[in-house]
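There are 2 protein chains.
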Amino acid sequence: MSGRTKFLLDESEMPTQWYNIIPDLPEPPPPPLHPGTKQPVGPDDLAPLFPQALIAQEVSGESYIDIPDEVQDVYRLWRPSPLYRAHRLERALGTPARIYYKYEGVSPVGSHKPNTAVPQAFYNAREGVTKLTTETGAGQWGSALAFACAVFGLECEVWQVRASYDQKPYRKLMMETFGATVHPSPSDLTVSGRAVLAEHPDSTGSLGIAISEAVEMAAADPDTRYALGSVLNHVLLHQTVIGEEALKQFELAGDTPDVIVGCTGGGSNFGGLAFPFLREKLAGRMSPAIRAVEPAACPSLTRGVYAYDFGDTAGLTPLLKMHTLGHGFIPDPIHAGGLRYHGMSPLLSHIYELGLIDAVALPQQECFAAGVRFARAEGIIPAPEPTHALAECVREALRCKETGEEKVILTALCGHAHLDLPAYGAYLGGEMIDHDLPEEEIERALAELPAST
Amino acid sequence: MSGRTKFLLDESEMPTQWYNIIPDLPEPPPPPLHPGTKQPVGPDDLAPLFPQALIAQEVSGESYIDIPDEVQDVYRLWRPSPLYRAHRLERALGTPARIYYKYEGVSPVGSHKPNTAVPQAFYNAREGVTKLTTETGAGQWGSALAFACAVFGLECEVWQVRASYDQKPYRKLMMETFGATVHPSPSDLTVSGRAVLAEHPDSTGSLGIAISEAVEMAAADPDTRYALGSVLNHVLLHQTVIGEEALKQFELAGDTPDVIVGCTGGGSNFGGLAFPFLREKLAGRMSPAIRAVEPAACPSLTRGVYAYDFGDTAGLTPLLKMHTLGHGFIPDPIHAGGLRYHGMSPLLSHIYELGLIDAVALPQQECFAAGVRFARAEGIIPAPEPTHALAECVREALRCKETGEEKVILTALCGHAHLDLPAYGAYLGGEMIDHDLPEEEIERALAELPAST
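Protein chains in written order, with UniProt numbering: chain X, 1 to 453; chain C, 1 to 453.
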């Protein structure tokens, strides 16, 4: 027996404010640009897509933003989430490292996504919006928004990447149980979808295409808005409850992280955990290495360029300065659906360019091996996305075994795999392949970047 | 905002003893009998199937049994489990009742089953057993035992009722991720399975048949034992951690339950929550009504007889005095797989005969309607089994709405539905049917009861 397993906070210790890292950075991130004028977009440009409260949060200069009571009331269904000490994994690895994981799988849909879905639905409902549209890949985000819309009485319409729609029917069933309508993307319901289908009738879709469809539908109806599950500043803002809680829980544990690892698709899980720790680091109160882990099959930070690009495939969004593989990039149908996005949060990209975090890309078989190892030791089967963070965590723990260092590692376990078990089946059945991503393929996609700005 | 949502206990408040209700009952339950001699079975009769420690617990006269440190260490991965006040469901129902639910879905496999799987695997490993066999229906029990075997380094072989094996592939994937081997039952690996297949080549199986197969395999190998996920005294004993925690949590809440409802298949979830409260009731310290809820399609308590019967279909087990529909009864393939058992825990049956609890049988559509209502209010999609308890909870809350009574209702939410979502799909798609269970069908199965004892 080796001390405490979980570090729990009382409901009364749940954060009451979100943390906005932008004022604490040495310089602000470059603004989104209007694709026509190449000028920074203003609130009016975004009004067809987002409610005023979220537009204000997107550009806020305040360091802290109050979490509305109504949102806190829903957060309390699962927050504060637990911080675990992974005693059993440590023993299985024989490492002197101390491994902690912050577990977001306790939420209604089993991931960190409701942390932002709930406030997004709340602000939309408060401003009289009656329906939200969105895209989803593996379905974590779509089910989070479906849940949040059920709570605040909004309609919810989801375009799900067809590859996932077909392979992971349980996510669709979860969204429908919460009352949402789900379409496979590309669909024939939108101009964007029909354009893709005309050229590629068998298209299995991409997040970029699904975003185009959801954006198009929202823009066409004055009572409908669009909700995005990652990438944007306000989304990362909402996720900082993860890191704020983890800071308090490390105080309970009497420990301080030396290395923080999280997986990155659009960046919200990683930013949510990392930003409050980065604040402490910028203030000189701690000095952890902070590391983003992405799939080798979709390596926007490690192999993409830092440039203005569209957030979606059809080019309907503002131009975002970010690490991108090009908005036409279609990643291999790897099993970590939430990490298959051509771009990266502009805020996180900026922080990476400032040298405040590092990044690494890992192959998926190594990630699933880490996932199985973790499951058999700790009892939780990790979602495919956080297996990337766990694989890096295992690498770091095994380096400590070599050197004898007693490093403290914190990893973001952003969800469980209950609805992604076929991916584990593929891994255990030996059907999972690590595709090489040829340089030419990246170059081809990058050639389609919008004209230099 | 309406006060606390969750009542959490610290790890240090986790129960360190299981509660054995038998010494507190006005009379002990009738013993299991050897099917040949019709005499009470002794430890030697059970030794081929169970380790000595569990056989001792099965017949123990002690009121409290210490939980080994190694078991507590694993329990701490998810225990103490939360008690919730269902504020949002109360508001949705407009009831003056106060509704609480004890949530066991936080466990590694999403149900209460690991509470007994972990000690069963521990005691077997300590006595040198290298492999456990078991049966499973929907798969909650099989995945719990697979997890527990992974923790203590045992092999695990599971016979899963074919109807569930085919319809719910995710559970099989979970068991395999934890390292278990899974066979559909009836299988051609056992005499019992081959006998069924010879007569019914398309058999979709039953828990009774799967038990026969697992028991047969365990009895044939001296290093293998069998593990049962419900029904027996030691299983209900292990589950009392649920009720012991809930008692402490009600103290935190400053409330006392007037009605306790739980679903019953074999009886372990219900007994686990109810027995510590029943102890308090027998001692005159509180006076809740305690109600078992079973499916109308498999109503062992409400329409079965109280008689000695086999626990399995092939007649390999001792004879158990219990409420039974007859060991040849094959229930409709309803969607609450864990409640499709012909019998009922002998201990719980005895307590029912003593008049200490009551029981009701509900149709499955009403149960799923309650499940959807609960999910949209509270965020957790309940497993099909506990929707039965929730449906009764809704009935009780609506009665309070009529009468204005502010009853305190406690319900056992023994698991989530992540791996049972196709059942919700069937309900939402209008494909779920409430079958009537004709009296003749029950009479036919009861005619096969073993000769009167």
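Cβ coordinates follow ideal geometry from the N, Cα and C atoms, glycine included. Computed from a predicted model, the values in this text were never measured in an experiment.
Hey, would you say residue i sits closer than 8 Å to residue j, going by beta carbons?
| i | j | result |
| --- | --- | --- |
| leucine 398/X | tyrosine 100/X | no |
| alanine 150/X | phenylalanine 178/X | yes |
| threonine 130/C | alanine 227/C | no |
| threonine 181/X | valine 196/X | no |
| aspartate 73/C | arginine 279/C | no |
| methionine 344/C | threonine 256/C | no |
| proline 384/C | cysteine 414/C | no |
| methionine 175/C | isoleucine 381/X | no |
| histidine 87/C | threonine 5/C | yes |
| leucine 419/X | tyrosine 170/X | yes |
| leucine 8/X | leucine 8/C | yes |
| tyrosine 75/X | methionine 14/X | yes |
| glycine 137/X | glycine 425/X | no |
| glycine 205/C | valine 161/C | yes |
| lysine 102/C | alanine 412/C | yes |
Does any heavy atom of the ligand ATP sit closer than 7 Å to the C-beta of residue i?
| i | result |
| --- | --- |
| leucine 83/X | Ligands are entirely absent from the displayed structure, and the ligand ATP is therefore not among its contents. |
Comparing alpha-carbon positions, which option in the options lies nearest residue i?
| i | options | result |
| --- | --- | --- |
| alanine 214/X | Val74/X, His200/X, Gly142/X | Gly142/X |
| glycine 311/C | Leu54/C, Leu419/C, Leu232/C, Gly3/C | Leu232/C |
| isoleucine 22/X | Met14/X, Pro31/X, Pro15/X | Pro31/X |
| threonine 313/C | Ser185/C, Ile357/C, Leu8/C, Asp358/C | Ser185/C |
| aspartate 332/X | Pro438/X, Ser287/X, His238/X | Pro438/X |
| alanine 359/C | Ala97/C, Ala370/C, Ala296/C | Ala296/C |
| residue 534/C | Thr324/C, Tyr170/C, Pro108/C, Glu396/C | Residue 534/C is absent from the model: chain C starts at 1 and stops at 453. |
| proline 450/X | Val235/X, Pro35/X, Glu127/X | Pro35/X |
| arginine 85/X | His87/C, Ser12/C, Pro82/C, Leu77/C | Leu77/C |
| threonine 95/C | Cys393/C, Glu443/C, Pro51/C, Ala426/C | Cys393/C |
| glutamine 267/X | Lys113/X, Leu419/X, Phe7/X | The sequence given here places glycine at residue 267/X; glutamine does not occur at that position. Comparing Cα positions, the closest option is Lys113/X. |
| threonine 116/X | Pro201/X, Met174/X, Gln140/X, Asp202/X | Gln140/X |
| glycine 261/C | Arg79/C, Ala389/C, Leu189/C | The identity of residue 261/C in the sequence shown is valine, whereas the question assumes glycine. Minimum Cα distance to valine 261/C is reached at Ala389/C. |
| glycine 371/C | Glu70/C, Ala391/C, Ile357/C | Ala391/C |
| alanine 219/C | Glu441/C, Thr37/C, Pro51/C, Phe277/C | Pro51/C |
| arginine 444/C | Ala375/C, Arg373/C, Gly328/C | Gly328/C |
| valine 235/C | Leu252/C, Pro363/C, Phe275/C | Phe275/C |
| alanine 377/C | Glu70/X, Glu127/X, Ser60/X, Phe147/X | Phe147/X |
| asparagine 269/C | Ala163/C, Gln239/C, Gly61/C | Gln239/C |
| aspartate 309/C | Gly208/C, Val109/C, Pro26/C | Gly208/C |
| proline 119/X | Leu54/X, Pro201/X, Ser111/X, Ser164/X | Leu54/X |
| leucine 316/X | Met217/X, His335/X, Leu354/X, Phe277/X | Met217/X |
| leucine 356/C | Glu448/C, Arg79/C, Arg98/C, Phe277/C | Phe277/C |
What are the residues that DSSP puts in a beta bridge with residue i?
| i | result |
| --- | --- |
| residue 541/X | With chain X represented from 1 up to 453, any question about residue 541/X goes unanswered, as that position is not in the structure. |
| threonine 324/X | Val305/X |
| serine 111/X | Gly415/X |
| residue 463/X | An answer regarding residue 463/X cannot be provided, because it is not within the stretch 1 to 453 covered by chain X. |
| arginine 291/X | Val261/X, Asp358/X |
| histidine 183/C | Trp159/C |
| lysine 135/C | According to the sequence provided, residue 135/C is glutamate. The question's lysine does not apply to it. According to DSSP, glutamate 135/C bridges with Trp159/C. |
| leucine 319/C | Leu33/C, Phe310/C |
| aspartate 66/X | Gln17/X |
| lysine 6/C | Tyr84/C |
| threonine 224/X | Lys131/X |
| proline 23/C | Answer is none; proline 23/C lacks a bridge partner. |
Who are the neighbours of residue i on chain B, taking C-beta pairs under 8 Å?
| i | result |
| --- | --- |
| phenylalanine 152/X | In the structure shown, chain B cannot be found, because the protein chains are X and C. |
Three-pair Cβ contact test at 8 Å for the region 85-93 of chain X versus the region 240-251 of chain X: no
Alpha helix (DSSP H) runs contained entirely in the region 227-263 of chain C, provided each spans 4 or more residues: 233-253
Just list the beta strand (DSSP E) runs in the region 346-421 of chain C, keeping only unbroken ones of 3 residues or longer that don't cross its boundaries, in chain order. 358-362, 408-413
Is it the case that the region 392-407 of chain C contacts the region 428-437 of chain C, given that we only count it when at least three CB pairs across the two stretches are under 8 Å? no
Closer than 8 Å is the cut-off here; do at least three beta carbon pairs connect the region 291-310 of chain X with the region 434-451 of chain X? yes
Is the region 321-332 of chain C close to the region 346-356 of chain C, with three or more CB pairs under 8 Å? yes
Check whether the region 285-294 of chain X touches the region 43-53 of chain X, taking contact to mean three or more Cβ pairs, one atom from each stretch, closer than 8 Å. no
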